[in-house]
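Student:
Protein chains: 2
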Amino acid sequence: MKRPPKAPSVTVSDVAREAKVSKATAARVLGGYGTVSETVRAAVLEAARALDYRPNELARSMTTGRSGSIGVVVGDIENPFFSLAVRGISDVARLSGINVILANSGEDVEAEKNAIRVLLAKQVDGLIVTPAQSGEIAHLKEIACPLALLDRALPELAVDTVTVDDRNAALRATRLLTQAGHRRIAYVTAAVLSGEFRGAASKINTSTVRERILGFLDACREAGIARADRNIHFGSGRSEQANAAMQRLLGSEDRPTAILASDSVVALDLFKAIRECGLSIPRDISLITFHNADWTSVTTPPITVIDQPVYALGKSVAELLIRRLKGDDRPPERIVLPTTIIERMSVGPSEA
Amino acid sequence: MKRPPKAPSVTVSDVAREAKVSKATAARVLGGYGTVSETVRAAVLEAARALDYRPNELARSMTTGRSGSIGVVVGDIENPFFSLAVRGISDVARLSGINVILANSGEDVEAEKNAIRVLLAKQVDGLIVTPAQSGEIAHLKEIACPLALLDRALPELAVDTVTVDDRNAALRATRLLTQAGHRRIAYVTAAVLSGEFRGAASKINTSTVRERILGFLDACREAGIARADRNIHFGSGRSEQANAAMQRLLGSEDRPTAILASDSVVALDLFKAIRECGLSIPRDISLITFHNADWTSVTTPPITVIDQPVYALGKSVAELLIRRLKGDDRPPERIVLPTTIIERMSVGPSEA
DNA sequence: TTCACATTTGAGACCGGTCTCACAAGAAAA
DNA sequence: TTTTCTTGTGAGACCGGTCTCAAATGTGAA
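Protein sequences, first through last, are from chains A and B.
Terminal number for the first sequence in my numbering: 742, no gaps in between.
Terminal number for the second sequence in my numbering: 742, no gaps in between.
1) What does a CB cutoff of less than 7 Å around Arg-724 (chain A) pick up in its chain, not counting 5 residues either side in sequence?
2) State yes or no: is the C-beta of Ala-493 (chain A) within less than 8 Å of the C-beta of Leu-509 (chain A)?
3) Classify Tyr-423 (chain B) as buried or exposed, calling it buried when 16 or more other Cβ atoms lie within 10 Å of its own Cβ.
4) Answer yes or no: does any C-beta atom of chain B fall closer than 8 Å to that of Pro-357 (chain A)?
5) Where in the region 473 to 533 of chain A do unbroken runs of the alpha helix (DSSP H), each at least 4 residues long, occur, reported from the N-terminal end onward?
6) Mind listing the chain B neighbours of Phe-680 (chain A)? Cutoff is C-beta to C-beta under 7 Å, in chain order.
7) Quickly, what does DSSP pair Gly-461 (chain A) with across the bridge? List them, please.
8) Alpha carbons only, please: which of B:Leu-607, B:Phe-624 and B:His-623 is nearest the one belonging to Arg-617 (chain B)?
9) When the cut-off is 8 Å and only beta carbons count, does Met-735 (chain B) lie next to chain A?
10) Inspect the beta-carbon positions of Lys-512 (chain A) and Leu-711 (chain B) and report whether they are closer than 8 Å.
11) Mind checking which residues open and close the beta strand (DSSP E) that includes Ile-725 (chain B)?
12) Three or more C-beta pairs under 8 Å: does that hold for the region 398 to 414 of chain B against the region 703 to 718 of chain A?
13) Does Asp-719 (chain A) pass the burial test, meaning 16 or more other C-beta atoms within 10 Å, or should it be called exposed?
14) So, helix, strand or coil for Leu-420 (chain B), using DSSP?
15) Report the CB separation of Asn-633 (chain A) from Tyr-577 (chain A) in whole angstroms; it is logged as a contact under 8 Å.
16) Counting only Cβ pairs nearer than 8 Å, list the residues of chain A close to Gln-513 (chain B).
17) Among B:Ala-409, B:Thr-429 and B:Asp-674, whose alpha-carbon lies nearest the alpha-carbon of Ala-570 (chain B)?
18) With H, G and I counted as helix, E and B as strand and the rest as coil, what does DSSP make of Tyr-443 (chain B)?
19) CA-CA distance, Val-695 (chain B) and Arg-562 (chain B)?
20) List, in chain order, every chain B residue whose beta-carbon is nearer than 8 Å to that of Ile-467 (chain A).
21) Mind listing the chain B neighbours of Asn-494 (chain A)? Cutoff is C-beta to C-beta under 8 Å, in chain order.
22) Please list, in chain order, all residues of the same chain as Glu-502 (chain A) whose beta carbon is under 7 Å from its beta carbon, the five residues on each side excluded.
23) Short of 8 Å Cβ to Cβ, which residues in the region 645 to 662 of chain A face chain B?
24) If we define contact as Cβ-Cβ less than 8 Å, is Pro-374 (chain B) a contact residue for chain A?
25) Based on the DSSP secondary-structure assignment, which residues constitute the bridge partners of Thr-596 (chain B)?
26) Enumerate in chain order the residues of its own chain whose CB-to-CB distance from Arg-645 (chain A) is below 6 Å, with the five nearest sequence positions on each side excluded.
27) Measure the Cβ-Cβ separation of Gly-458 (chain A) and Asp-541 (chain A) and say whether it is below 8 Å.
28) Would you mind sorting Arg-393 (chain B) into buried or exposed? The rule is 16 or more other CB atoms within 10 Å of its CB.
29) On the DSSP letters alone, give me the boundaries of the alpha helix (DSSP H) that Ile-664 (chain A) sits inside.
30) Short of 6 Å in beta carbon distance, which residues of its chain neighbour His-572 (chain B), apart from the five on each side in sequence? Order them along the chain.
31) What's the C-alpha gap between Val-490 (chain B) and Ala-657 (chain B)?
32) Please name the residue in A:Val-700, A:Ala-528 and A:Arg-439 whose C-alpha comes closest to that of Ser-654 (chain A).
33) For a contact meaning CB atoms closer than 7 Å, what does Ala-452 (chain A) contact in chain B?
34) Does the beta-carbon distance from Ile-693 (chain B) to Ser-629 (chain B) come in below 8 Å?
35) Taking only beta-carbon positions, decide if Asp-684 (chain B) is within less than 8 Å of chain A.
36) With distance defined between alpha-carbon atoms, name the residue in A:Ala-483, A:Ala-559, A:Ser-486 and A:Ile-533 nearest to Arg-507 (chain A).
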């Protein structure tokens, strides 16, 4: 591989020579540490200006040990939920003069492990991760730098975490459906489970998924719906078999009369699938989804959503992490942000 | 500021000592360069494994001069257009083992300058930028590392650039409207202009904006529409006065009977505003927008869109940049990707 | 005038890698 | 056997900063 000529950059030594002082003194002025007399300071700054000196952040990081950047690993930047959260993170980071190195896990643990390894090798000062999978968290446990979790808590991991009140949100949303008379309610999520579910919610390690399901089941139990756990559908991401499963779900004789979707991407797919089946919302089927995505307010009918404070979620987790970077050593905090339900027109009475 | 204890990391020297070889030899094995005998290689690898050695990417970058990461400066990751493009970029980058450092300009030149300065200080190997504003590009000209432009070309800047056929796309879209009998057609964009417009499209330095407007004007001229330049509305971002301007536009006596929106965010705002005014699409007003955003296919009526290959846009620009990093020194390439128009139900005959 | 102390400066080690160069040992050629 | 070449290894400079330490200078107190 050919080495690019690499413009010989102006270094501290160059500036020192120009200003006729020692490298150490020039470094003090340029690096903003130690004490320097006013006259010398002015001379060095003048020389730096003349030479168009630009500090090499990498070299600085080498000695200081801190790189001034944090790594963010999200499931999928394409998902508006994550892009908004990332926006929150980077706004806060910028305010503290910290950069964000972004990595996509594609909700795949191996990719996540790899991303973390690379980010760590780049000496990021801290990490914000949205753990892709419930089961494997060994690689998260052995992270040496400050770590904060976004949207998904891991009970076994005592680190700063920001989530929303998933269980309660799911409970309230499901209640909206049971109160409208629905009995066959499906919960659809893109999350994949390692192994069989069989109603053992405690087996799900990813808090977001587990809490929501618990809330869903709470509401079902409240309404006296038996075996509600059978109506929970995992793995509804964007794939062939996920689509097929969705078609099967909607096409079956005893199809649900109401659906609670775990994110707006799944919900959009559901919305389209429902329409393709010739079904009507809310007449034939009611729909509620997590995340107040753009599109949910402009469909016909507009969709009732659980409005998560996504930007605030990103903002808070970044604030927590940065506080930690500054030396805060309080015990890990688990912030739970409240959600609100925005009732629109996608919930109707059960026809059954 | 308190210095975190900083776990003493395992270095090449540590591994060398453990394996009873010189630092140079250990480095050869660990760095994958030079020639080493099989026995020694095995010993070093074993020692590295035992000590759990992790390379320090920063130190490596120091000497090699390359950091293995590229900087990406976009207007707003929250905009689905950009998040999808970023997805394209990072997918390609990952394949080449390159990281992406993301920065948001918020479409503000000063923020853009700052972001570029910081990324350069971090020694990124290359930059992908979506220039925020037309006028100021001095800071782009003086960038020493490879630079590639995404979505927006700058004629004065001879660098790799990937755009879409904006002019032709706007022409075809506008034609769809003129052919439906529309005469009062508005073009609405979030871009802000430095100074007055007055029909002098050549004054607009950002290619995307200029080309689209030229295409729009072409079609209007073709249809014999006079003073079409009066119907071009700048600055329709998300702000109080932008909303007010939108209301004024839709509320006026001689409101347009058709609108071409320059991006899906603007279009969504327009869609909502139109509905709030009690107008109906396409009966009272026709709408076409750039970018086949999620929501455009699920509204009632679904929106006719100019489908840009956004993911490919990001993919291509990343490929171009990475090729350049590998030493390619062909003259800068300007790739123009074709768009297609997806006709849905938002264009109707003019009532006038 | 002399001593203690604070302030400013320079010399050089250091961070954790890469890489050049010299040299030793063994193989092939003469 | 001697010469030449190849291959593997070690010593140490280097990248561009930070930071420790000691020396030099200046200041106020004794």
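Think of the CB as a built atom: it goes at the ideal place given N, C-alpha and C, for glycine as much as any other residue.
These figures come from a predicted structure and were not determined experimentally.
Tutor: Inspection of the coordinates gives the following:
1) For the purposes of this step, residue 724 (chain A) is identified with residue 334 of the first sequence, where counting begins at 1. Taken in chain order, the residues that qualify are Ala-543 and Thr-551.
2) As a first step, residue 493 (chain A) is located in the first sequence; it is residue number 103 there, counting from the start. As a first step, residue 509 (chain A) is located in the first sequence; it is residue number 119 there, counting from the start. In contact: Ala-493 (chain A) and Leu-509 (chain A) (Cβ atoms closer than 8 Å).
3) By 1-based counting over the second sequence, the position of residue 423 (chain B) is 33. So Tyr-423 (chain B) counts as exposed.
4) Outside the displayed span of chain A (391 to 742) sits residue 357 (chain A), for which this structure offers no information.
5) 499 to 511 and 528 to 531
6) Translated into the one-based positions of the first sequence, residue 680 (chain A) becomes position 290. Residues of chain B passing the Cβ test: none, with the nearest at roughly 16 Å.
7) Numbered from 1 along the first sequence, position 71 holds the residue referred to as residue 461 (chain A). Looking at the DSSP assignment, Gly-461 (chain A) forms a beta bridge with A:Ile-491 and A:Leu-517.
8) Position 227 of the second sequence holds residue 617 (chain B). Closest by alpha carbon: B:Leu-607.
9) Taking the second sequence and counting its residues from 1, the one referred to as residue 735 (chain B) is at position 345. No, Met-735 (chain B) lies away from the interface with chain A (no Cβ there is under 8 Å from its Cβ).
10) Residue mapping note: residue 512 (chain A) aligns to position 122 of the first sequence, counting from 1. Residue mapping note: residue 711 (chain B) aligns to position 321 of the second sequence, counting from 1. Taking 8 Å as the Cβ cut-off, Lys-512 (chain A) and Leu-711 (chain B) do not qualify as a contacting pair.
11) The count along the second sequence starts at 1 and reaches residue 725 (chain B) at position 335. 724 to 727 is the extent of the beta strand (DSSP E) around Ile-725 (chain B).
12) no
13) On the first sequence, residue 719 (chain A) is found 329 positions in, with the first residue counted as 1. Burial call: exposed.
14) Position 30 of the second sequence, counted from the first residue, corresponds to residue 420 (chain B). Reduced to three states, the DSSP call for Leu-420 (chain B) is helix.
15) Along the first sequence, one-based indexing puts residue 633 (chain A) at 243. Along the first sequence, one-based indexing puts residue 577 (chain A) at 187. Actually they are not in contact, since the Cβ atoms of Asn-633 (chain A) and Tyr-577 (chain A) sit about 18 Å apart, beyond 8 Å.
16) Within the second sequence, numbered from 1, the residue matching residue 513 (chain B) stands at position 123. Ordered by position in chain A, the residues that pass the 8 Å Cβ test against Gln-513 (chain B) are Asn-446, Glu-447 and Leu-448.
17) As a first step, residue 570 (chain B) is located in the second sequence; it is residue number 180 there, counting from the start. Comparing Cα-Cα distances from Ala-570 (chain B) to each of B:Ala-409, B:Thr-429 and B:Asp-674, the minimum goes to B:Asp-674.
18) Taking the second sequence and counting its residues from 1, the one referred to as residue 443 (chain B) is at position 53. In the structure shown, Tyr-443 (chain B) sits in coil (DSSP, three-state: anything other than H, G, I, E or B).
19) On the second sequence, residue 695 (chain B) is found 305 positions in, with the first residue counted as 1. On the second sequence, residue 562 (chain B) is found 172 positions in, with the first residue counted as 1. Val-695 (chain B) and Arg-562 (chain B): Cα-Cα distance of roughly 11 Å.
20) Taking the first residue of the first sequence as 1, we reach residue 467 (chain A) at position 77. Near Ile-467 (chain A) (Cβ distances below 8 Å), the residues of chain B are Ile-467, Ser-473, Val-476, Arg-477 and Ser-480.
21) Residue mapping note: residue 494 (chain A) aligns to position 104 of the first sequence, counting from 1. The answer, in chain order, is Arg-477, Ser-480, Asp-481 and Arg-484.
22) By 1-based counting over the first sequence, the position of residue 502 (chain A) is 112. Val-463, Ser-495 and Ala-522.
23) Leu-658, Phe-661 and Lys-662
24) The requested residue 374 (chain B) does not occur in the structure, where chain B is confined to residues 391 to 742.
25) Here residue 596 (chain B) corresponds to residue number 206 of the second sequence, with the count starting at 1. Answer by DSSP bridge pairing: none, since Thr-596 (chain B) is not bridged.
26) The residue you call residue 645 (chain A) lines up with position 255 of the first sequence. Hits under 6 Å: none found.
27) Numbered from its first residue, the first sequence carries residue 458 (chain A) at position 68. Numbered from its first residue, the first sequence carries residue 541 (chain A) at position 151. Going by C-beta atoms, Gly-458 (chain A) is not nearer than 8 Å to Asp-541 (chain A).
28) Residue mapping note: residue 393 (chain B) aligns to position 3 of the second sequence, counting from 1. Residue placement at Arg-393 (chain B) cannot be trusted, given a pLDDT of 34 that sits under 50; the coordinates are not used to answer.
29) In the first sequence, counting from the first residue as 1, residue 664 (chain A) sits at position 274. First-last of the alpha helix (DSSP H) with Ile-664 (chain A): 654 to 666.
30) Indexing the second sequence from 1 puts residue 572 (chain B) at position 182. Hits under 6 Å: Thr-647, Ala-648 and Ser-740.
31) What you label residue 490 (chain B) is simply residue 100 of the second sequence in a count that begins at 1. What you label residue 657 (chain B) is simply residue 267 of the second sequence in a count that begins at 1. Answer to the nearest angstrom: the Cα atoms are 30 Å apart.
32) Within the first sequence, the letter at position 264 stands for residue 654 (chain A). Ser-654 (chain A) has its Cα closest to that of A:Val-700, out of A:Val-700, A:Ala-528 and A:Arg-439.
33) Locating residue 452 (chain A) in the first sequence gives position 62, counting from the first residue. Inspection of the sequence shows that residue 452 (chain A) is occupied by Met rather than by Ala. What Met-452 (chain A) touches in chain B: Leu-448, Ala-449 and Met-452.
34) Along the second sequence, one-based indexing puts residue 693 (chain B) at 303. Along the second sequence, one-based indexing puts residue 629 (chain B) at 239. Cβ atoms of Ile-693 (chain B) and Ser-629 (chain B): not closer than 8 Å.
35) As a working mapping, residue 684 (chain B) is identified with position 294 in the second sequence. Answer yes: the Cβ-Cβ gap between Asp-684 (chain B) and chain A drops below 8 Å somewhere.
36) Taking the first sequence and counting its residues from 1, one reaches residue 507 (chain A) at position 117. Looking at the Cα atoms, A:Ile-533 is the closest of the given residues.
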